[in-house]
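Written below as structure tokens is the structure these notes are about.
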Amino acid sequence: AYTAEPFVPDGADLTALRRAAAGCRGCPLHRAATRTVFGAGSADARVMLVGEQPGDQEDRQGKPFVGPAGKLLDRALAEAGLDPAEAYVTNAVKHFKFTRAAPGKRRIHKAPSLREMTACGPWLAAELALVEPELIVVLGATAGKALLGPAFRVGEVRGTVLEREIHGRPERLVPTVHPSSVLRADDREQAYQGLVADLGVAVQALG
Ligand code: URA
Ligand code: SF4
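According to UniProt numbering, the sequence shown holds residues 10 to 216 in order.
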């Protein structure tokens, strides 16, 4: 089976983990992508935000949530009362998965498979063990499936505080929609306000 496990060093801090992740070949996604996009933020962060996978801009720049979805997320976080700079931000899958309509054309995001999410899980587990966030904000279906299992449905649990054991640790999680889904929504303003409201639940839960 595909797995990042043999690439994850024991006893590493975030810097050492990030360095090791740069060489991960735990699944085929490293082949077409430019680089590993590891999580960013302080090991002292109280909140961890988990997205799906890096997009085109993230793949180019090597940092999570720096493209259009990230800009929208930062705005929604600030509006909900959470300083984006104080959160640890990462993704369920750390390489960009894409197709091209034709050679040399724009790269089009493709959702990662369950196998790829499972393969990449050891990196997320290592980040959780080091950061020990007080709360995890689950951004969309892929992050939800990666953390809570394949039966996860964002519409059923968004904006609520869940208590679950994740990778052997008791965690509190607040799921919400993925910021990219706000960009695609027919009524963007309503979708955006829904995201801000869910993030508000996370702020309340932090106290
Ligand atoms: N979408 C994600 O899920 N993660 C990113 O880092 C960027 C876009
Ligand atoms: Fe490793 Fe994850 Fe990249 Fe696959 S997606 S190669 S498991 S870092």
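Just so it is clear, CB atoms sit at the ideal spot from N, CA and C, and this is done for glycine as well.
Do you know whose CA, among the options, lies nearest residue i's CA?
i	options	result
Gly76	Gly60, Asp207 and Arg173	Gly60
His118	Glu180, Gly216, Leu26 and Leu38	Leu38
His176	Asp68, Pro131 and Ser189	Pro131
Met57	Arg28, Ser189 and Ala152	Ala152
Ala94	Phe105, Gly79, Lys106 and Asn100	Gly79
Arg178	Asp196, Leu157 and Glu198	Leu157
Arg167	Leu137, Pro184, Glu174 and Glu88	Pro184
Glu88	Ala206, Ala214 and Leu215	Ala206
Ala52	Ala42, Ala30 and Ala25	Ala25
Glu180	Thr12, His104, Ala214 and Gln202	Ala214
Ala10	Thr127, Lys154 and Gly216	Thr127
Ala41	His104, Ala155, Gln62 and Cys33	His104
Cys129	Gln202, Ile145, Lys154 and Phe161	Lys154
Distance, Cα to Cα, residue i vs residue j?
i	j	result
Ala111	Gly64	18 Å
His187	Pro18	30 Å
Leu81	Glu14	33 Å
Arg193	Ala21	39 Å
Leu204	Glu198	10 Å
Arg69	Gly35	21 Å
Ala134	Asp196	35 Å
Ser189	Gly149	9 Å
Pro159	Pro121	13 Å
Pro73	Arg162	23 Å
Arg27	Gly48	8 Å
Thr12	Asn100	16 Å
Ile145	Thr169	12 Å
Gly216	Leu123	34 Å
Gln202	Glu141	29 Å
Cys33	Gln62	15 Å
Quick check: residue i and residue j, are their CB atoms within less than 7 Å of each other?
i	j	result
Glu125	Val147	no
Gly164	Ala96	no
Leu208	Ala85	yes
Leu23	Leu182	no
Glu67	Val46	yes
Arg116	Phe107	yes
Ala200	Val210	no
Gly71	Arg44	yes
Arg55	Glu174	no
Val212	Leu91	yes
Ala29	Phe16	yes
Is there a C-beta anywhere in chain D that falls below 7 Å from the one on residue i?
i	result
Gly32	Looking for chain D here will not work: only one protein chain is present.
- Item | Any alpha helix (DSSP H) of 4 or more consecutive residues that is wholly inside the stretch 118-151 | Those alpha helix (DSSP H) runs which fall completely within the stretch 118-151 and span 4+ residues are 123-140.
- Mind listing, in chain order, the continuous beta strand (DSSP E) runs of no fewer than 3 residues lying wholly within the stretch 65-124? Entirely contained in the stretch 65-124, the beta strand (DSSP E) runs reaching 3 residues are, in chain order, 96-100, 107-109 and 116-118.
- Task: Taking only runs that begin and end inside the stretch 165-208, name each unbroken alpha helix (DSSP H) of 4 or more residues, in chain order.
- Result: Counting whole runs of 4 or more residues, the stretch 165-208 contains the alpha helix (DSSP H) stretches 188-193.
- Item | Uninterrupted alpha helix (DSSP H) stretches inside the stretch 18-63 (no shorter than 4 residues) | Taking only runs of at least 4 residues, the alpha helix (DSSP H) segments lying wholly in the stretch 18-63 are 23-30 and 38-41.
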